[in-house]
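Using our numbering, read the sequence shown as starting at 1 and increasing by one per residue.
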Amino acid sequence: MTPTPHHEKARPDEARPGDALVKAGGIVFILGAMATLATMAPLFLHTRPFPSWAWAVCMLMGVGFAIAAAGVLRSAAAQRRAARLAQAAAAARTSAPTSA
């Protein structure tokens, strides 16, 4: 993906770095949240609790959060890199000698 100058807006349908990680992290987080609700339900319904592997599935919430955070960091790094490139290009244009 080529960086766009800061004055040009990125198209909404254009995928940016880190978007897929944020989406995947959200899905994994939601799966972990549903597993947490299902695992906690027997405690409130006074039924037999689920086995320990079901409690391990609840850890998907943390894993999903970590995946989404990695996507956000990747997106921020790409934006910083694009800003640096745009700044360097602008500096190169202003410092270029002009011919008369």
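C-beta atoms are modelled at their ideal positions from N, C-alpha and C, and glycine is treated no differently.
Following the DSSP letters along the chain, one finds A86 inside the alpha helix (DSSP H) bounded by residues 60–95.
Taking all protein chains in view, the Cβ of F44 is surrounded by fewer than 16 other Cβ atoms within 10 Å, so the residue is classified as exposed. If you draw a straight line from the Cα of A83 to the Cα of P49, it comes to about 53 Å. Our two residues, G32 and A24, have alpha carbons roughly 12 Å apart in a direct line. When secondary structure is reduced to three states using DSSP, T39 falls in the helix class.
In this structure L37 is not in contact with R74, their Cβ atoms being roughly 30 Å apart against a cut-off of 8 Å.
Around the CB of I67, 16 or more other CB atoms lie within 10 Å, so the residue is classed as buried. A straight line joining the alpha-carbon of G18 with that of F29 spans about 16 Å.
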